[in-house]
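In the working numbering, the protein residues as written are 65 to 199.
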């Protein structure tokens, strides 16, 4: 499976989300200037292939700051959001170590994971085109 980039093909991304109603959104919030993020992307793509029922999205926090909200505060990279596509509480939102085995283990677990933060950006409605200002 592919990693989707909201700025490249929003239609394909929305279709991918809608095609996986039982899956999870696995969003990596990153920055184009971040060397760690650049190194993390190939492994993130490899995980997308291992978890075909989930939808992996790469979101540049600077490019998409208007959609993520003014209050988004990413302190470290990579920051990951894992949330059921059908809706409901996110399973995880926070910084992870930049080792793919950490995210792989997290995805292998079911249910909510330690580290879910209260100030979670509204990524899923934006990606599905259900927000007030969708870009």
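Here a beta-carbon is modelled for each residue, glycine too, at the ideal position from N, C-alpha and C.
- Shortest Cα-Cα distance from residue 164 to any of 114, 155, 68 involves 114.
- Per DSSP, reduced to three states, the secondary structure at residue 90 is strand.
- Residue 110 holds the alpha-carbon nearest to the alpha-carbon of residue 90 among 183, 110, 139, 127.
- The beta carbons of residue 122 and residue 98 sit about 12 Å from each other, so the pair does not count as a contact at 8 Å.
- Taking the C-beta atoms as reference points, residue 160 is found nearer than 7 Å to residue 142.
- By the Cβ neighbour-count rule, residue 80 is buried, with 16 or more other Cβ atoms within 10 Å of its own.
- Residue 144 is a Cβ neighbour of residue 92, given a cutoff of 7 Å.
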